[in-house]
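Here is the structure we will look at.
Number of protein chains: 2
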Amino acid sequence: MKVGIIGVGTVGASVANILRDNKDIITARAGCVITPVIGVVNNLSKDRDVSIELTDDIEKVLNDDSIDVIVELMGGVEKPFEVVKRALEEGKAVVTANKALLAYHRYELQDLAGETPFEYEAAVAGGIPIINALREGLTANHIQSIRGIMNGTCNYMLTKMINEGVDYETILKESQELGYAEADPTFDVGGFDAAHKLLILGSIAYGIDAKPEDILIEGIQDIAPEDIDFANEFDYSIKLLTIAKKIGSEIELRVHPVFIPNSEMISKVEGVMNGVSVIGDKVGETMYYGPGAGGDATASAVVANIIDIARRGKGSPMLGFESSHGEDLKLMSKDNIRTKYYLRLRVVDKVGVLARVATILGDKNISIEKMIQKPLNKTCAHILLSTHTSIEKDIVDALSAIEEAGVVTDKPVMIRIED
Amino acid sequence: MKVGIIGVGTVGASVANILRDNKDIITARAGCVITPVIGVVNNLSKDRDVSIELTDDIEKVLNDDSIDVIVELMGGVEKPFEVVKRALEEGKAVVTANKALLAYHRYELQDLAGETPFEYEAAVAGGIPIINALREGLTANHIQSIRGIMNGTCNYMLTKMINEGVDYETILKESQELGYAEADPTFDVGGFDAAHKLLILGSIAYGIDAKPEDILIEGIQDIAPEDIDFANEFDYSIKLLTIAKKIGSEIELRVHPVFIPNSEMISKVEGVMNGVSVIGDKVGETMYYGPGAGGDATASAVVANIIDIARRGKGSPMLGFESSHGEDLKLMSKDNIRTKYYLRLRVVDKVGVLARVATILGDKNISIEKMIQKPLNKTCAHILLSTHTSIEKDIVDALSAIEEAGVVTDKPVMIRIED
Chain A
768 MKVGIIGVGT VGASVANILR DNKDIITARA GCVITPVIGV VNNLSKDRDV
818 SIELTDDIEK VLNDDSIDVI VELMGGVEKP FEVVKRALEE GKAVVTANKA
868 LLAYHRYELQ DLAGETPFEY EAAVAGGIPI INALREGLTA NHIQSIRGIM
918 NGTCNYMLTK MINEGVDYET ILKESQELGY AEADPTFDVG GFDAAHKLLI
968 LGSIAYGIDA KPEDILIEGI QDIAPEDIDF ANEFDYSIKL LTIAKKIGSE
1018 IELRVHPVFI PNSEMISKVE GVMNGVSVIG DKVGETMYYG PGAGGDATAS
1068 AVVANIIDIA RRGKGSPMLG FESSHGEDLK LMSKDNIRTK YYLRLRVVDK
1118 VGVLARVATI LGDKNISIEK MIQKPLNKTC AHILLSTHTS IEKDIVDALS
1168 AIEEAGVVTD KPVMIRIED
Chain B
768 MKVGIIGVGT VGASVANILR DNKDIITARA GCVITPVIGV VNNLSKDRDV
818 SIELTDDIEK VLNDDSIDVI VELMGGVEKP FEVVKRALEE GKAVVTANKA
868 LLAYHRYELQ DLAGETPFEY EAAVAGGIPI INALREGLTA NHIQSIRGIM
918 NGTCNYMLTK MINEGVDYET ILKESQELGY AEADPTFDVG GFDAAHKLLI
968 LGSIAYGIDA KPEDILIEGI QDIAPEDIDF ANEFDYSIKL LTIAKKIGSE
1018 IELRVHPVFI PNSEMISKVE GVMNGVSVIG DKVGETMYYG PGAGGDATAS
1068 AVVANIIDIA RRGKGSPMLG FESSHGEDLK LMSKDNIRTK YYLRLRVVDK
1118 VGVLARVATI LGDKNISIEK MIQKPLNKTC AHILLSTHTS IEKDIVDALS
1168 AIEEAGVVTD KPVMIRIED
């Protein structure tokens, strides 16, 4: 079996090198020799740690009838979509690690692929075989929820903030120096990377077709030392969580920071590691843990997909369903989310302010579970509180009303609690 | 696709009921309707919570050409081996949850099955799709180690002992009352159940053919309150761990209690839950967590296998290898295990005893890392110590020498440390 790699960066080089370094055991497992024969790069003059032929001519690879599998590692959305379409038209199997491509085009790709193998294990949670688990291991279950820590950058930063009391700006700078965060970190810290992965899992669990712009995505940029203190006080961790949940015939898909009790197994996923907890109606909770990024870890998943294709061609349906299951599942409106909330209000420290806040919350049927008030200086105080289960729209309305009432000096901050 | 279930106890009933309750989503995922048509039981007069036809005539099911898949849930070794052989001869696919059957006959069954699907996800770690992960998700890797908590009974007991200071006899009695432990608990607490599962994983990781009697199996029966104190003092958990490791061209396969640092992810697997940590040379550590037992959780894995067969027939090679990978791997002799050790010695409390113990250890090249001496009564004391990395044979010889020297009042206890 011959493999062409389009995009030979860190992951692409690892794919070629794993196929070379672990050739004996891969051959024994796959039942045939898998050879990476060529890689496509933009810049041929750049030094790369690979021993395969390189070209800057994509067409040469796509038109080569001897190549059985195309590994797409270009990044981006529309350009790789065109390349992958061409590969499928040529009858070549495709393996990709490109979550953005799948976040936007997975259903079109499923149609285009038909009986041609199209695999993408590395697109979600890097080296953790979570696609495999969800698409094959848990198929007997109605999936009740998926909760994932799927962005290592955010988890590294939040772990440092919680464990060492480092503030957001300091840890962001450190993460950039360590190469964990990009110069423009928005894609990671804003929750978009995790959202792409969530959409893919949402399809396999629920067959739901949604795009990033359809779902609630919030990042970790507003988390402040007071929130960390609150978490430590009440034995919570703060995690950027991707959440997919089935509530009746509605599916929640959302990405945002949460307070989560330290007793939950997924709260124990620290640093750059990823973890995904899945609750099925029959199996209960299973969790999958491992490295979500890195050249070799990601390439491990890419190569596993190539081996799958060598063994069995198209094995399971690309997005987990052979046919529609008839249940008419709809994406839940953001307004209808029901959860517990934490609110941080910077208030003017004068008589009647707390009463005013409490009244506004009460008017919206929001009841308070825990509260801490801390003076900030002579004129201001922080009110930190958590609510019992409330409706998102009520919380949003209450926060607007609190702002309009002129009792807060800054925009209120809200973080959901995943209890 | 029609399914016959041989053995309709808790798991068998769950298999039939899941196929009925989740029929819509299973049909959508599998691409065909999967119907459990008949179950074989010994005692037809016993009430069972299933809506399928029951018979006590195995032959009727094996000879029924309309049945595509046989689910074997009889328990035992030789009887199910005969039944499964017959099913394969009739060209029926087989799904089993029977770890003992596989511990003894997996290679014969692989040969007998040939191109007929033979699946067994539920045989290891119940509802956790660990076979799937190891056989498909991690195939790009040389597996460096597998460390599993795969017996919920032991893990429940050890968790209670560590967290609540309950002693072995008390917690065993409680576990029996709760139904977590059998009247004769030896199979669980002696490590044999976990060993069966380890042998299966050892085959998929390393292609190594070993039987229970070939490997080191120790149970948790000798763990005493002093050991728990030592664990708590030095921030260890105590777990019954299954260990498979590759050291050069030798494979270690062993099951025994260990001290393991609380910083390790797998040490956080508590109560009846199971967890398996796998380290691959490329991906690094991934971990799989979930329920290792229970009717629905185990049946979830059985049904996933049936769906796999409906989708793709024989997908991956039964034991993970299409062909021998040439590397001549041998089971490591127990004598050559190298690890750290904890020793508990009940000594006569008189001048020179500690020197005598230290001398014997030194003569065997065993160096001490940590030590606590605690008086027990007027004449006796406990010496609790941990060693630096040592060789198993040296430890065993040293313990014999210590016994022969007459300085201990009881047989010394040794627990390995997994650091």
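First to last, the protein sequences are chains A and B. The first sequence lines up with residues 768 to 1186 when you count with our numbering. The second sequence lines up with residues 768 to 1186 when you count with our numbering. Ideal Cβ positions, reconstructed from N, Cα and C, are used throughout, including at glycine.
Would you say the beta carbon of residue i is closer than 7 Å to some non-hydrogen atom of the ligand FMN?
| i | result |
| --- | --- |
| Arg-1113/A | Judged by which ligands are present, the structure shown has none, so any question about the ligand FMN falls away. |
From the options, pick the residue whose C-alpha is nearest to that of residue i; which is it?
| i | options | result |
| --- | --- | --- |
| Phe-954/B | Gly-946/B, Met-924/B and Asn-918/B | Asn-918/B |
| Tyr-1108/A | Lys-964/A, Val-782/A and Phe-997/A | Phe-997/A |
| Leu-1151/B | Ile-1158/B, Ala-860/B, Pro-1142/B and Leu-876/B | Pro-1142/B |
| Pro-1058/B | Gly-1059/A, Gly-1051/A and Met-1040/A | Gly-1051/A |
| Met-1085/A | Cys-1147/B, Gly-798/B and Ile-895/B | Gly-798/B |
| Gly-1188/B | Pro-979/B, Leu-1110/B, Ala-880/B and Gly-843/B | There is no way to answer for residue 1188/B, as the model of chain B reaches only from 768 to 1186. |
| Asp-1048/B | Ile-785/A, Ser-1016/A, Ile-772/A and Lys-769/A | Ile-785/A |
| Asp-1002/A | Pro-1028/A, Ile-1033/A and Met-1099/A | Pro-1028/A |
| Val-1163/A | Glu-1037/A, Lys-790/A and Asn-1103/A | Asn-1103/A |
| Ala-889/B | Leu-1121/B, Thr-937/B, Glu-980/B and Leu-968/B | Leu-968/B |
| Ile-1188/A | Asp-878/A, Asp-1177/A, Pro-992/A and Leu-1166/A | Examination of residue 1188/A is not possible in this model, given that chain A is present from 768 through 1186 alone. |
| Thr-1065/B | Asp-878/B, Ala-864/B and Ser-1167/B | Ala-864/B |
| Gly-1038/B | Leu-1110/B, Asn-1132/B and Ser-1004/B | Ser-1004/B |
Please report whether the beta-carbon of residue i lies at a distance below 8 Å from any beta-carbon of chain B.
| i | result |
| --- | --- |
| Asn-1029/A | no |
| Glu-1094/A | yes |
| Asn-899/A | yes |
| Arg-873/A | no |
| Asp-1063/A | yes |
| Ser-912/A | no |
Taking DSSP's pairing of strands, which residues face residue i in a bridge?
| i | result |
| --- | --- |
| His-1149/A | Arg-1113/A and Lys-1141/A |
| Ser-1091/B | Ser-1091/B is not bridged to any residue. |
| Tyr-1108/A | Arg-1183/A |
| Arg-914/A | Ile-1010/A and Ser-1044/A |
| Tyr-1055/B | Tyr-1055/A and Val-1043/B |
| Thr-822/A | Val-807/A |
Residue i versus chain B: which residues are under 8 Å apart at the beta carbon?
| i | result |
| --- | --- |
| Gly-1057/A | Val-1050, Gly-1051, Glu-1052, Thr-1053 and Met-1054 |
| Leu-905/A | Pro-896, Ser-1067 and Ala-1071 |
Kindly list, in the order they appear in chain B, the residues whose Cβ is closer than 7 Å to that of residue i.
| i | result |
| --- | --- |
| Gly-1087/A | Arg-796 |
| Ser-1090/A | Ala-795 and Gly-798 |
Please go through the same chain and pick out, in chain order, the residues whose beta-carbon is closer than 8 Å to the beta-carbon of residue i, but skip the five residues on each side of it.
| i | result |
| --- | --- |
| Ala-948/A | Thr-920, Met-924, Leu-939, Ser-942, Asp-955 and Val-956 |
| Gln-988/B | Tyr-935, Val-956 and Gly-957 |
| Lys-978/A | Ala-870, Tyr-871 and Leu-966 |
| Met-1054/B | Met-1032, Ile-1033, Gly-1042, Val-1043, Ser-1044 and Val-1045 |
| Ile-1074/A | Ile-793, Arg-796, Ala-797 and Ile-801 |
Can you name, in chain order, every residue of its own chain whose Cβ lies under 6 Å from the Cβ of residue i, other than the five neighbours on each side?
| i | result |
| --- | --- |
| Gly-1062/B | Thr-777, Val-778 and Ser-781 |
| Lys-964/B | Lys-866, Val-891 and Met-917 |
| Thr-802/B | Lys-769 |
| Arg-1187/A | Nothing in the structure corresponds to residue 1187/A, since chain A is present only between 768 and 1186. |
| Ile-897/A | Val-891, Val-1043 and Tyr-1055 |
| Glu-882/A | Lys-1081 |
| Gly-986/A | Val-956, Gly-957 and Gly-958 |
What in chain A is Cβ-close to residue i, meaning under 7 Å?
| i | result |
| --- | --- |
| Asp-1075/B | Glu-903 |
| Gly-1047/B | Ser-1067 |
| Ile-785/B | Ala-907 and Lys-1049 |
Counting only Cβ pairs nearer than 9 Å, list the residues of chain B close to residue i.
| i | result |
| --- | --- |
| Lys-1035/A | Met-1032 and Lys-1035 |
| Arg-1021/A | What Arg-1021/A touches in chain B: nothing, since even the nearest Cβ is about 23 Å away. |
| Arg-1079/A | Arg-1079, Gly-1080, Lys-1081, Gly-1082 and Ser-1083 |
By the criterion of Cβ-Cβ separation under 8 Å, what are the contact partners of residue i in chain A?
| i | result |
| --- | --- |
| His-909/B | Asn-789 and Ile-792 |
Measuring only between beta-carbons, confirm whether residue i sits less than 8 Å from chain A.
| i | result |
| --- | --- |
| Gly-915/B | no |
| Gly-1082/B | yes |
Suppose the cutoff is 7 Å on Cβ atoms and the five residues either side in sequence are ignored; what does the same chain contact list for residue i look like?
| i | result |
| --- | --- |
| Arg-787/A | Ser-818 |
| Ala-854/A | Leu-829, Ile-837 and Val-861 |
| Ser-1016/B | Glu-1094, Asp-1095, Leu-1096 and Lys-1097 |
| Lys-1131/B | Asp-1161, Asp-1164 and Ala-1165 |
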